[in-house]
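Trainee:
Residue numbers (my numbering), protein chains in the order written: chain A, 189 to 478; chain B, 24 to 321.
(1) Could you check if residue 325 of chain B is buried or exposed, using at least 16 other CB atoms within 10 Å of its CB as the buried criterion?
(2) DSSP has residue 73 of chain B in a bridge; who is on the other side?
(3) Between the Cα of residue 287 of chain A and the Cα atoms of A:336, A:255, A:345, A:261, which residue gives the shortest distance?
(4) Would you mind telling me which residues of chain A sit closer than 7 angstroms to residue 223 of chain B, beta carbon to beta carbon, in chain order?
(5) Which of the residues in the region 215-226 of chain A, read from start to end, lie with their CB under 7 angstroms from any CB of chain B?
(6) May I ask you to list, following chain order, the residues of the region 287-318 of chain B that have a beta carbon less than 7 angstroms from some beta carbon of chain A?
(7) Could you run through the region 33-51 of chain B and flag, in chain order, every residue whose CB is less than 8 angstroms away from some CB of chain A?
(8) Is there at least one Cβ from chain B nearer than 8 angstroms to residue 333 of chain A's Cβ?
(9) Does the structure place the region 136-153 of chain B close enough to the region 192-204 of chain B that three or more beta carbon pairs sit under 8 angstroms?
(10) On the CB-based measure, 16 or more other CB atoms within 10 Å of its CB, does residue 179 of chain B come out buried or exposed?
(11) Just verifying my parser: in three-state terms, what is the DSSP assignment at residue 356 of chain A?
(12) I'd like to know if the region 251-262 of chain A and the region 294-314 of chain A are in contact, where contact means that at least 3 CB-CB pairs between them fall below 8 angstroms.
(13) Can you tell me which of the three DSSP states residue 162 of chain B falls into?
(14) Taking 8 angstroms as the CB-CB cut-off, is residue 424 of chain A touching chain B?
(15) With H, G and I counted as helix, E and B as strand and the rest as coil, what does DSSP make of residue 219 of chain B?
(16) Could you confirm whether any beta carbon from chain A is found closer than 8 angstroms to the beta carbon of residue 78 of chain B?
(17) How many Å lie between residue 433 of chain A and residue 257 of chain A at the Cα?
(18) Assign residue 331 of chain A to one of two classes, buried (16 or more other C-beta atoms within 10 Å of its C-beta) or exposed (fewer than that).
(19) Taking Cβ-Cβ distances shorter than 7 angstroms, what residues in chain B pair up with residue 232 of chain A?
(20) Closer than 8 angstroms is the cut-off here; do at least three beta carbon pairs connect the region 218-232 of chain A with the region 163-172 of chain B?
(21) Compile a chain-ordered list of the residues in the region 198-210 of chain A whose CB is closer than 8 angstroms to at least one CB of chain B.
(22) Would you decide whether residue 316 of chain A is buried or exposed? Buried here means 16 or more other CB atoms lie within 10 Å of its CB.
(23) Could you compute how far the alpha carbon of residue 146 of chain B sits from the alpha carbon of residue 82 of chain B?
(24) At 7 angstroms on the CB atoms, spell out the chain A contacts of residue 132 of chain B, in chain order.
(25) Is there a C-beta anywhere in chain B that falls below 8 angstroms from the one on residue 383 of chain A?
(26) Strictly below 7 angstroms CB to CB, what residues from chain A border residue 14 of chain B?
(27) Taking only runs of the beta strand (DSSP E) that begin and end inside the region 123-205 of chain B, which ones reach a length of at least 3 residues, in chain order?
(28) Note down, in chain order, every chain A residue with its Cβ under 7 angstroms from the Cβ of residue 168 of chain B.
(29) At the level of alpha carbons, what is the spacing between residue 56 of chain B and residue 413 of chain A?
(30) Does chain A have any CB closer than 8 angstroms to the CB of residue 107 of chain B?
(31) Got a sec: is the Cβ-Cβ distance from residue 437 of chain A to anything in chain B below 8 angstroms?
(32) Below 8 angstroms on the Cβ atoms is my contact criterion, and I expect residue 150 of chain B with residue 175 of chain B to pass it. Report the Cβ-Cβ distance as a whole number of Å.
(33) Can you grab the Cα-Cα spacing for the pair residue 239 of chain B / residue 97 of chain B, in whole Å?
(34) At the level of alpha carbons, what is the spacing between residue 255 of chain B and residue 359 of chain A?
(35) Do you know how far the Cα of residue 397 of chain A is from the Cα of residue 238 of chain A?
(36) Would you mind working out which of B:70, B:104, B:152, B:88 sits nearest residue 234 of chain A, comparing C-alpha positions?
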């Protein structure tokens with residue numbers, strides 16, 4: 189290796205490591221604030237390590253009924269959402285994965301679904317429809333309008349197509365029905381694809397906030413991210429635009445806000461290591477087709 | 024021959040729930056577009072409201088902010104598209120030079136993470152770290168004698184803050200695809216290049232980059248569909264009235280016009296404009312991707 193290459197390697201490593209640290213540094217900073225004493229946090233003494241370590245802000249947040257209620261609504265939403273989304277994804281991907289000579293109307297159906305990716309009614313008409321179907325203020329408003337994830341259907345149908353045809357034919361020879369072939373053969377064989385899609389679905393439902401914000405009229409119906417939007421983002425931006433940038437009420441709340449931010453990210457941080465193994469493969473499968 | 028006997032009924036039955044839901048919640052709103060041509064009054068409904076033709080569109084065009092909003096949308100979106108294309112390619116190339124697998128995987132794990140956090144979480148974090156009075160970034164800049172910068176409240180800084188924070192969230196995830204493209208380059212090409220006396224830089228220039236070109240072209244074409252998507256989630260959670268001038272985009276304008284000010288007709292008109300333009304761009308980009316990169320969605 190020449191000196192030039194050695195220097196390059198050294199700089200490359202330093203640069204990439206610095207960059208990756210930069211990706212999580214803000215998160216660590218907020219975690220440190222959430223675990224620090226109020227006065228230390230407001231004085232700006234906390235950098236990456238808690239100052240005067242305390243669980244105070246977490247016991248405050250966990251004892252806050254609004255926070256916990258929003259938290260449970262999100263859990264409920266994730267469970268319902270994954271059931272509905274996955275069921276429909278599987279049910280749609282199977283017929284659409286068939287060739288036109290097996291299922292005559294396949295192409296027509298496929299276009300029917302793809303058109304919804306290309307064109308949409310926009311925010312206001314969509315809101316009106318949800319309003320007219322009387323879903324407002326019910327948890328189903330967060331599930332039903334997005335129940336058909338067309339992108340996931342496409343991902344799964346492409347996966348279904350890659351399965352060996354012989355297996356399917358053998359099953360039909362043995363007298364199996366479409367329904368049996370789907371649930372007994374295709375679904376078990378598609379675990380990697382299904383795992384990727386369900387993990388993305390979980391993350392999607394956990395992170396959604398806008399539908400909660402517009403479809404729920406009462407704060408007590410908000411899922412967690414919508415709730416956090418209201419208590420952290422809205423109040424903070426309003427606070428900062430007021431002239432009194434150092435207002436005491438803002439800084440004394442800093443640790444509890446930090447704790448809520450961290451709690452809102454925690455489930456993702458927990459499932460992330462499991463998620464990562466799958467999605468790298470899933471993305472590669474879905475994007476670099478020949 | 025036997026194939027033709029296969030009953031089509033189970034297929035139709037399987038598709039039925041999805042067809043119905045999409046009909047109501049995706050096609051339903053498309054019919055709701057009618058309200059952009061009406062003096063829409065919720066109590067009267069689509070059929071009862073008065074038809075006013077293009078008046079909503081004229082009204083929106085006459086609003087003083089409309090062109091600013093259109094400009095902001097395209098300006099921010101274009102910057103995001105360019106940065107989001109160039110930077111991940113660079114990082115993928117650099118990561119490809121890292122030989123130790125443990126180091127490589129650790130870096131990847133860390134740079135993918137922000138993609139999975141919501142803009143609520145990241146917005147909360149950014150508001151805190153970028154705060155002019157108590158934020159750690161300004162604290163740090165202060166050490167070098169820089170006066171506090173109000174990143175989220177200053178019209179000069181706001182668009183850049185948006186683009187850079189979006190890059191921060193998404194560049195890691197975007198590199199996955201390029202890394203995948205890199206691994207599919209035939210190693211024989213590198214061996215041939217080495218025989219020809221090419222150093223690593225030459226190899227990158229003449230083997231790696233050409234090998235990545237198809238996927239770069241594909242992603243560039245597909246990104247065309249996003250010229251009117253400047254990122255609602257992010258901007259909605261980071262902007263405030265004092266940066267409307269530089270940060271208000273079509274989506275945030277539709278939200279305020281429709282759901283805050285209850286001007287349903289004009290809001291739907293702006294939404295329709297965006298949907299139509301986006302439809303054209305997405306269709307053209309898919310067509311180009313099909314033509315030049317042989318890309319198909321299914």
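Where is the CB? At the ideal position from N, CA and C, for every residue including glycine.
Quick caveat: nothing in here was measured; it's all calculated off a predicted structure.
Mentor: For this structure:
(1) Nothing about residue 325 of chain B can be read from this structure; chain B reaches only from 24 to 321.
(2) Residue 73 of chain B sits at position 50 when you count from the first residue of the second chain. Answer is B:62.
(3) Counting from one through the first chain, the residue named residue 287 of chain A turns up at place 99. Ranking A:336, A:255, A:345, A:261 by Cα distance to residue 287 of chain A puts A:345 first.
(4) The count along the second chain starts at 1 and reaches residue 223 of chain B at position 200. Ordered by position in chain A, the residues that pass the 7 angstroms Cβ test against residue 223 of chain B are 193.
(5) 215, 217, 218
(6) Along the region 287-318 of chain B, going in chain order, the ones with a CB nearer than 7 angstroms to a CB of chain A are 287, 290, 291, 294, 295, 297, 298, 302, 305, 306.
(7) Identification of residues in the region 33-51 of chain B having a C-beta nearer than 8 angstroms to some C-beta of chain A yields 33, 34, 35, 37, 38, 40, 41, 42, 44, 45, 47, 48, 49, 50, 51, given in sequence order.
(8) The residue you call residue 333 of chain A lines up with position 145 of the first chain. It does; some Cβ of chain B falls within 8 angstroms.
(9) yes
(10) For the purposes of this step, residue 179 of chain B is taken as residue 156 along the second chain, with counting starting at 1. So residue 179 of chain B ends up on the exposed side.
(11) Locating residue 356 of chain A in the first chain gives position 168, where the first residue counts as 1. Note: residue 356 of chain A maps to helix in three-state DSSP.
(12) no
(13) Position 139 of the second chain, counting from 1, holds the residue named residue 162 of chain B. Here DSSP, grouped into helix, strand and coil, assigns residue 162 of chain B to helix.
(14) Taking the first chain and counting its residues from 1, the one referred to as residue 424 of chain A is at position 236. It does: the Cβ of residue 424 of chain A has a partner Cβ on chain B nearer than 8 angstroms.
(15) On the second chain, residue 219 of chain B is found 196 positions in, with the first residue counted as 1. Looking at residue 219 of chain B - three-state DSSP - the assignment turns out to be coil, as it is neither helix nor strand.
(16) One-based indexing of the second chain puts residue 78 of chain B at position 55. By this cut-off, residue 78 of chain B is not an interface position.
(17) By 1-based counting over the first chain, the position of residue 433 of chain A is 245. By 1-based counting over the first chain, the position of residue 257 of chain A is 69. The predicted position of residue 433 of chain A is uncertain, since its pLDDT is 46 and thus under 50; a value taken from the coordinates is nonetheless stated next. So the alpha carbons of these two residues sit roughly 31 angstroms apart.
(18) The sequence position of residue 331 of chain A within the first chain is 143, counting from 1. Buried: at least 16 other Cβ atoms inside 10 Å.
(19) What you label residue 232 of chain A is simply residue 44 of the first chain in a count that begins at 1. Correct list: 157, 162.
(20) No, because fewer than three Cβ pairs between the region 218-232 of chain A and the region 163-172 of chain B fall closer than 8 angstroms, the two stretches do not touch.
(21) Flagged, chain order: 200, 201, 203, 204, 205, 207, 208, 209, 210.
(22) Residue 316 of chain A sits at position 128 when you count from the first residue of the first chain. Residue 316 of chain A is buried by the Cβ-count criterion.
(23) Sequence index remark: in the second chain, residue 146 of chain B carries index 123 (1-based). Sequence index remark: in the second chain, residue 82 of chain B carries index 59 (1-based). Approximately 33 angstroms between the Cα atoms of the pair.
(24) Position 109 of the second chain holds residue 132 of chain B. 464, listed in chain order.
(25) Residue numbering aside, residue 383 of chain A sits at position 195 when the first chain is read from its first letter. Taking Cβ atoms only, chain B never reaches closer than 8 angstroms to residue 383 of chain A, which makes this a no.
(26) No answer is possible for residue 14 of chain B: it lies beyond the span of chain B, which begins at 24 and ends at 321.
(27) none
(28) Numbered from its first residue, the second chain carries residue 168 of chain B at position 145. Per Cβ cutoff of 7 angstroms: no residues; residue 168 of chain B is ~17 angstroms from chain A at best.
(29) As a working mapping, residue 56 of chain B is identified with position 33 in the second chain. As a working mapping, residue 413 of chain A is identified with position 225 in the first chain. Their backbone Cα atoms lie some 29 angstroms apart in a straight line.
(30) As a first step, residue 107 of chain B must be located in the second chain, where it is residue number 84. No, residue 107 of chain B does not count as interfacial toward chain A.
(31) Taking the first chain and counting its residues from 1, one reaches residue 437 of chain A at position 249. Low local confidence applies: a pLDDT of 47 at residue 437 of chain A is under 50, so the model's placement there is unreliable, with the coordinate-based value given in what follows. No, no contact with chain B.
(32) Walking along the second chain from the start, residue 150 of chain B turns up at place 127. Walking along the second chain from the start, residue 175 of chain B turns up at place 152. Confirmed, about 7 angstroms.
(33) The residue given as residue 239 of chain B occupies position 216 in the second chain. The residue given as residue 97 of chain B occupies position 74 in the second chain. One C-alpha to the other measures close to 21 angstroms.
(34) In the second chain, counting from the first residue as 1, residue 255 of chain B sits at position 232. In the first chain, counting from the first residue as 1, residue 359 of chain A sits at position 171. Distance between the alpha carbons of residue 255 of chain B and residue 359 of chain A is about 48 angstroms.
(35) Within the first chain, the letter at position 50 stands for residue 238 of chain A. Within the first chain, the letter at position 209 stands for residue 397 of chain A. If you take the alpha carbons of residue 238 of chain A and residue 397 of chain A, they lie about 30 angstroms apart.
(36) The residue you call residue 234 of chain A lines up with position 46 of the first chain. When each option's Cα is compared against that of residue 234 of chain A, the closest is B:152.
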